[in-house]
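A short write-up of the structure that comes next.
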Amino acid sequence: VFPETSLRVTEIDFLKRENTQQHHTDGYNIKNLVVRRGQPFQVQVSLNRELRADDKLSLRFGIGENPMKNRGSLLSLKPEREDLNGWKISVVKKNGKECLLSVTSSPNAPVGKYNLHVKTGTNIYTPENGVIYLLFNPWCEDDVVYMANEAEKEEYVLNDTGYIYVGSAYSIYDRPWNFGQFEEFILDACMYLLDKSKLSLTERRDPAHVSRAMSALVNANDDNGVLLGNWSGNYISGTSPMDWIGSVTILQKYYKTKKPVRYGQCWVFAGVLNTVMRCLGVPCRCVSTFDAAHDTEENLRVDVYLNEKGEKLNSLSFDSVWNFHVWNDAWMKRTDVPNGFSGWQAIDSTPQEQSQGRFQCGPCPVKAVREGDVYLPYDAKFVYAEVNADRVYWVVKKVNGKDKYFKVGTETQAIGKNISTKAVGQNRREDITREYKYPEGSKEERMSMQRAYSFIRPSGLMPRSGYASTMQTLSSNTEPLVPKEPVTETGLHLEITNTEPLHPGNPLEMAITVRISAPGNWTVNLTGSCQLQYYTGKVQANLGTIKETINLEGPSEMQIPLKIAPDAYMKTLSSVEDEVLILVTAIAEVKETNDKLTKETSMRFEYPPITVQMPETAKLYNDFNCAFIFKNKLNVTLENCKLLVEGLGIFKMTTFEQGDIMPGRIMKSEIICTPTRLGEKKIVAKLISNQIKGISTEKGIFITK
């Protein structure tokens with residue numbers, strides 16, 4: 001009898017095209033197989049002879065540095081036998097020396113990179129590109145990230161472009177952002193972050209642990225993570241946060257250098273975290289909150305200090321109200337908290353406050369914020385305060401050489417407005433405030449607030465600035481359990497608007513409307529100020545003030561103009577590296593009743609548009625022309641103009657130096673594009689100059705075979 005030919009594997013085909021289509025992973029620009037957990041994929045094994053009943057064949061999947069069976073990091077799977085860890089293999093069909101196998105991973109398998117070897121008897125075969133990437137699976141009902149709605153998965157997992165909403169509550173605008181989770185090296189960068197996180201295998205099964213670790217690793221604090229935050233206004237040694245138009249360049253650079261990329265601010269952190277979560281297979285969206293409270297030390301209050309001219313003072317405030325703040329919501333079933341708190345979870349990678357000793361935030365159930373269950377993990381008190389704090393205004397006056405503080409207003413409904421994200425399947429803003437808060441003044445809101453207040457102890461109402469506390473404090477009246485919007489005897493109301501478009505180089509024409517609803521003769525002292533400020537609320541320049549005494553025959557209103565000449569602000573505008581907002585603050589006091597009211601509004605400058613000219617459709621690998629046109633309709637020369645453009649699946653990030661663009665001049669740049677991917681693609685363009693940072697646009701094109 002001839003000795004048996006020992007069974008050997010000669011080749012493995014990972015059937016990449018079929019598998020990735022079924023797993024919705026065909027977008028990843030990587031030569032390896034990328035699949036999602038809990039869903040079967042097939043591999044074709046070629047052998048040196050036919051497979052017989054008594055042959056021993058097993059597929060071995062190993063994860064991590066030193067895979068071992070007893071640690072669960074090495075799985076040895078034999079056909080038709082369910083493995084302990086919920087993985088299984090079956091033979092689909094045998095055809096001569098070919099053998100088609102189906103592999104199903106466990107729906108709660110650790111995500112990451114697995115090395116595949118095939119063992120036949122004593123022989124071990126190591127395939128080429130035998131590293132398989134295993135991701136979370138929103139299409140699998142048994143995965144905790146399961147999302148039932150198809151259109152939502154299309155948006156929150158597969159869409160590689162989107163918008164981040166910025167500006168101010170008065171003027172919200174969309175900033176196009178390329179997430180680019182399928183671009184080259186992005187998946188590898190995310191895997192590098194997973195390894196860097198030192199999460200255990202068990203923790204890698206759970207998107208709550210993974211998303212918390214990623215919120216820490218996207219900022220550079222503590223762990224040499226992806227992005228270094230910088231709000232100083234000086235970005236010489238890096239890229240200004242305003243100059244990014246997507247996450248791709250940032251993550252590619254980080255993966256290449258393994259050093260933090262400079263610099264980020266909140267929308268950049270959120271854009272990158274969104275890319276990382278979508279790339280790993282966790283549904284995720286960018287969430288912008290307007291008038292978000294920061295650093296309220298859990299007393300749910302932000303104090304704003306004004307001088308006698310009504311100008312906001314930077315130096316006194318620890319806490320602040322940011323015109324907008326951007327974080328993310330990740331979608332998952334939470335297994336570590338009571339029922340009813342699954343769904344969207346807030347995560348935030350902007351380094352603001354340490355949580356358990358690291359700059360990380362979340363996941364915090366959005367429902368816990370709405371219901372006031374702020375004791376739930378993680379960081380629910382912090383997120384609750386960001387969207388629910390009160391704003392208290394103080395005027396600082398010198399009395400006998402000492403600073404005294406006079407309260408001139410409380411706003412209980414001013415924080416956490418217009419919470420926004422991109423709508424599913426549409427290029428528009430969706431308001432999701434209702435997911436975070438009950439309607440102001442409703443019974444549910446009152447109950448939620450009482451619940452939250454039972455876990456957060458608000459202090460008495462005193463000014464909280466550093467050296468204010470050592471000075472004169474006010475009578476120690478403590479806040480009522482549920483603060484009410486102050487109702488004044490006269491029904492005093494303030495409105496701040498712009499009466500002409502706010503174009504850089506033109507006078508800023510604004511108005512303060514004073515309204516009184518009570519009948520009678522009233523004398524109102526009005527103080528108004530105009531300042532330039534960063535989105536974080538930090539004042540950059542004082543532009544002008546007004547002080548008027550007006551007489552109103554109630555009920556009536558009067559409009560008081562506030563006009564700022566271009567010379568007062570253009571120099572500041574040209575010298576700052578960030579986009580600044582126009583802040584108008586008004587204080588009104590009714591002489592007869594001592595009613596006081598303070599109102600502030602932030603507005604953004606308005607810019608001429610960039611237009612993109614290109615065909616509506618193009619064929620795969622066929623060149624087409626794309627032109628970017630910008631006409632400077634402003635009365636001011638735009639200096640050192642740079643045009644940044646990027647089209648995922650069309651062309652890499654490109655920068656055109658445009659020099660100075662005089663008033664009335666037209667700039668035109670052209671690029672030849674070669675589409676490498678099918679479907680709806682987008683081109684994003686942004687123009688930055690010394691004077692203006694925020695002109696951006698995008699245009700879609702459909703690529704066909």
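Take 1 as the starting number for the sequence shown in UniProt numbering and just add one per residue. Glycine included, every Cβ here is placed at the ideal spot set by N, Cα and C. In this text, all values refer to a predicted model and were calculated from it rather than measured experimentally.
Residue range of the unbroken beta strand (DSSP E) whose run includes residue i
i    : result
D595 : Per DSSP, D595 belongs to no beta strand (DSSP E) and is neither H nor E.
T20  : No beta strand (DSSP E) contains T20, which is instead part of the alpha helix (DSSP H) from K16 to Q22.
W394 : D390 to V399
A346 : G343 to I347
P40  : P40 to L47
Opposing strand residues paired with residue i [DSSP bridges]
i    : result
A627 : Q613 and E670
P176 : Y163
E548 : L526
E589 : N525 and K596
F656 : L643
K381 : According to DSSP, which records beta bridges pairwise, K381 is partnered with nothing at all.
Straight-line gap, residue i to residue j (C-alpha atoms, nearest Å)
i           : j    : result
R60         : L77  : 6 Å
S517        : L508 : 29 Å
Y453        : L376 : 14 Å
I701        : F624 : 11 Å
T202        : L135 : 15 Å
Q354        : Y535 : 22 Å
L648        : T674 : 11 Å
G372        : S342 : 15 Å
residue 706 : D13  : Residue numbering for the chain in the displayed model covers 1 to 705; residue 706 lies beyond these limits and cannot be assessed.
T478        : N299 : With a pLDDT of 35 at T478, under the threshold of 50, the modelled position of this residue cannot be trusted; read the value that follows with caution. Whole-angstrom Cα-Cα distance: 12 Å.
G96         : A53  : 14 Å
S247        : E98  : 43 Å
T527        : D143 : 58 Å
F182        : K563 : 49 Å
M242        : N129 : 39 Å
N622        : K699 : 18 Å
P110        : D26  : 21 Å
N690        : N640 : 6 Å
I688        : E616 : 26 Å
R391        : Y384 : 15 Å
T704        : K681 : 11 Å
P480        : D319 : Note that P480 has pLDDT 37, beneath the 50 cutoff, so the model's placement of it is unreliable and no number is given.
M68         : S200 : 14 Å
E553        : I456 : 44 Å
T5          : L75  : 27 Å
S529        : K312 : 9 Å
9 Å Cβ cutoff met for residue i and residue j
i           : j    : result
I432        : I419 : yes
P207        : A368 : no
E18         : Q42  : yes
S73         : L217 : no
V293        : E154 : Position check: residue 293 holds Ala in this sequence, whereas Val was assumed. No. Outside cutoff.
F179        : R278 : yes
residue 742 : I63  : Given a span of 1 to 705 for the chain in the structure shown, any question on residue 742 remains unanswerable.
C364        : Q345 : yes
L581        : N219 : no
L597        : H493 : yes
S696        : S168 : no
E600        : V374 : no
M667        : N632 : yes
S317        : R370 : no
Q360        : S215 : yes
P260        : L227 : yes
R665        : L620 : no
T289        : V326 : yes
Y173        : R604 : yes
V92         : S106 : no
Supposed contact pair residue j and residue i - C-beta distance, whole angstroms, cut 8 Å
i    : j    : result
Y192 : Y133 : With a Cβ gap of about 12 Å, Y192 and Y133 do not count as contacting.
G229 : G264 : 5 Å
T611 : I629 : 5 Å
V287 : V302 : Not confirmed; about 20 Å, so no contact.
Y393 : L306 : 6 Å
Limits of the unbroken alpha helix (DSSP H) element including residue i
i    : result
H325 : Here H325 belongs to no alpha helix (DSSP H); instead the beta strand (DSSP E) covers S320 to M332.
T257 : V248 to T257
R428 : Taken as a continuous stretch (DSSP letters only), R428 belongs to no alpha helix (DSSP H), as it is neither H nor E.
H209 : P207 to L217
S454 : K443 to F455
D83  : Run containing D83: none; DSSP gives neither H nor E here.
N498 : Here N498 belongs to no alpha helix (DSSP H); instead the beta strand (DSSP E) covers H493 to N498.
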